[in-house]
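Taken in order, the sequence shown gives residues -13 to 209; the numbers are from this note's numbering.
Even for Gly, the Cβ is constructed at its ideal location relative to N, Cα and C.
Here the structure is a predicted model, which means the values were calculated and not measured.
What follows is a short report on a single structure.
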Amino acid sequence: MSELPASTETRNRLLTAAAMEILDVGYAGASLAKIAARIGHTKGSLGYHFPTKETILDALLERCEETDQRAAERAETAFPDSPMRQLLAFIASYSFISSIDPATAAASLLAHDPSVPYSYGRSTHLLWQQRLEGYLDAAQQQEGYQFTVSTKVAAQRILVAVTGFAVTARFYDDDEPRPRLSHLKPCLAALPVPDVDSVIADVKAADFFFQVDPSGETIPLSE
-13 MSELPASTET
-3 RNRLLTAAAM
7 EILDVGYAGA
17 SLAKIAARIG
27 HTKGSLGYHF
37 PTKETILDAL
47 LERCEETDQR
57 AAERAETAFP
67 DSPMRQLLAF
77 IASYSFISSI
87 DPATAAASLL
97 AHDPSVPYSY
107 GRSTHLLWQQ
117 RLEGYLDAAQ
127 QQEGYQFTVS
137 TKVAAQRILV
147 AVTGFAVTAR
157 FYDDDEPRPR
167 LSHLKPCLAA
177 LPVPDVDSVI
187 ADVKAADFFF
197 QVDPSGETIP
207 LSE
């Protein structure tokens, strides 16, 4: 893999520092000076790349869009013939990327932060809503599912379940088991998705989003 230009590498480090500060104290509590100090930079150095907190928001939204595309590509590679499985694989992949990339995690959480501009939250929610609707539309057309609600409403219900879990998950104890897609079963069963158990099982079994190194640490698969 080719090395990034120094300016790009610095910008990425500063964005990660900003994301970690936001995850720790929230958007309203994050200051440019504290963000820069996290990696030994001055506020002026940060200002070259991110002169205002709003420019950090713009960069985080861009990261959110990049992660959305990356997760979709992985999901569609894993299950080319099943949009319903793609939907869950997309959620699993996006969640995993969030767990290893502070910028994606912060970008997602800020969609629910009342201190950020409404336009930011709306943009991220529309991004996710449209992605989920696309999978649900395709699932009806290609796999024969017949939902009792519109795909727009179905996507909204799934999004509520996913984002609700994402917002609260950081308060779990480290040794507490994670549900890993099972928390979506009631929502999917109600649509209905009659084969919800096998759909969830297939996505869990694929596990191509995860890889464990010899030390036991979970690491992302190489691109």
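Suppose the cutoff is 7 angstroms on Cβ atoms and the five residues either side in sequence are ignored; what does the same chain contact list for residue i look like?
i      : result
Leu118 : Leu73, Ala141, Ile144, Leu145
Ala58  : Phe76, Arg117
Lys20  : Glu7
Trp114 : Leu145
Ala61  : Gln72, Ala75, Phe76, Ser79
Could you give the distance in angstroms between the alpha-carbon of residue i and the alpha-carbon of residue j?
i       : j      : result
Ala92   : Ala125 : 30 angstroms
Gly33   : Pro172 : 47 angstroms
Thr(-6) : Gly30  : 17 angstroms
Asp167  : Lys190 : Checking the displayed sequence, the identity of residue 167 turns out to be Leu instead of Asp. Straight-line Cα distance between these residues: approximately 8 angstroms.
Arg49   : Leu174 : 28 angstroms
Thr63   : Thr28  : 43 angstroms
Pro178  : Asp188 : 18 angstroms
Thr204  : Leu9   : At Thr204 the pLDDT is 40, less than 50, meaning the model places this residue with poor confidence; the figure from the coordinates comes in the next sentence. Roughly 21 angstroms between the two C-alpha positions.
Three-state secondary structure (DSSP) at residue i?
i       : result
Ala176  : coil
Thr(-6) : helix
Gly30   : helix
Leu0    : helix
Phe151  : helix
Go through its chain and collect everything with a Cβ distance to residue i's Cβ below 8 angstroms, but skip five positions before and after it.
i      : result
Arg56  : Ser79, Ile83
Glu209 : At Glu209 the pLDDT is 33, less than 50, meaning the model places this residue with poor confidence and gives no usable figure here.
His98  : Gly107, Thr149, Val153
Pro180 : none
Along the chain, where does the alpha helix (DSSP H) that runs through residue i open and close?
i      : result
Gln72  : 69 to 86
Ser184 : 182 to 192
Gly107 : 104 to 129
Asp213 : Since the displayed the chain opens at -13 and closes at 209, residue 213 lies outside it and no answer follows.
Ile21  : 18 to 23
For residue i, collect the residues of the same chain with a Cβ closer than 6 angstroms to its Cβ; drop the 5 residues on either side in sequence, then sort them by chain order.
i     : result
Ile25 : Arg(-1), Ala3
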